[in-house]
């Protein structure tokens with residue numbers, strides 16, 4: 114393949130774009146800096162000006178993934194009419210992302226769990242802040258919720274949506290059935306005692 118020039122700053126974006134393509138077809142095991150260099154048409158050492166090693170590449174992909182999912186969450190929140198509608202939209206956006214980019218989603222949360230760099234932790238935190246905003250204002254400090262219920266609700270939400278996405282991505286259920294499960298799950302969660310303790314009248 115003939116090498117082609119990149120303007121300053123473009124190579125990093127090109128490598129990340131190509132890495133996402135490889136993730137979708139071959140999974141994380143298919144990623145290597147040398148192969149990405151070949152794919153975008155630069156010398157095998159060129160990527161190291163942006164990623165010192167493969168771990169740095171994976172962390173950058175995780176950050177990009179968290180940022181993309183946060184943007185989709187923000188758009189879903191902006192389109193929602195009320196709290197139930199916001200949560201249904203956010204849930205669907207979350208599941209769609211997890212299905213369409215299953216390998217990236219796994220990489221993102223693995224990087225977070227493995228103690229990825231500060232940028233990974235910051236990007237993950239920003240996503241969960243966005244999800245927190247879907248729940249509306251925090252209840253008063255004098256109320257019964259100490260914050261643990263709210264965190265439990267967010268974790269339950271993420272676990273449920275990722276579980277539904279995994280069923281669809283593994284072809285155990287068709288996508289329309291996954292969409293139906295998203296609606297059923299959110300209706301149940303918003304009608305739960307946990308939701309009542311966490312977001313109270315905001316559900317109406």
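Residue numbers (my numbering): 114 to 317. All residues carry an ideal CB built from backbone N, CA and C; glycine is no exception. Source: prediction; values computed, not measured.
| Check | Outcome |
| --- | --- |
| Does the pairing of the segment 222-237 with the segment 277-296 give three or more beta-carbon distances under 8 Å? | no |
| Am I right that residue 203 and residue 278 are in contact with their C-beta atoms under 8 Å? What's the rounded C-beta distance? | Not confirmed; about 14 Å, so no contact. |
| In whole angstroms, what is the alpha-carbon distance linking residue 227 and residue 175? | 12 Å |
| Count the other CB atoms, across all protein chains shown, that sit within 10 Å of the CB of residue 248; report buried if there are 16 or more and exposed otherwise. | buried |
| List the endpoints of the continuous alpha helix (DSSP H) containing residue 291. | 288-303 |
| Mind reading off the beta-carbon distance from residue 296 to residue 201? Whole number of angstroms is fine, and I expect it under 8 Å. | 6 Å |
| Nearest by alpha-carbon distance to residue 272: which of 299, 290, 180, 310 is it? | 299 |
| Identify the continuous alpha helix (DSSP H) that holds residue 138 and give its terminal residues. | 123-139 |
| Classify residue 289 as buried or exposed, calling it buried when 16 or more other Cβ atoms lie within 10 Å of its own Cβ. | exposed |
| Helix or strand or just coil, what does DSSP make of residue 201? | helix |
| For residue 167, which of 149, 244, 178 has the nearest alpha-carbon? | 149 |
| Where does residue 283 sit, in a helix, a strand or coil, going by DSSP? | coil |
| Taking contact to mean at least 3 C-beta pairs separated by less than 8 Å, is the segment 140-149 in contact with the segment 176-187? | no |
| With a Cβ-Cβ cutoff of 7 Å, do residue 185 and residue 210 count as a contact? | yes |
| Using 10 angstroms around the beta-carbon of residue 308, count the other beta-carbons present and answer buried if the total reaches 16, otherwise exposed. | buried |
| Whole angstroms is fine: what's the gap from residue 372's alpha carbon to residue 242's? | Residue 372 is absent from the structure shown; the chain starts at 114 and stops at 317. |
| Skipping 5 residues on each side, what residues in its chain have a beta carbon closer than 8 Å to that of residue 205? | 189, 292, 295 |
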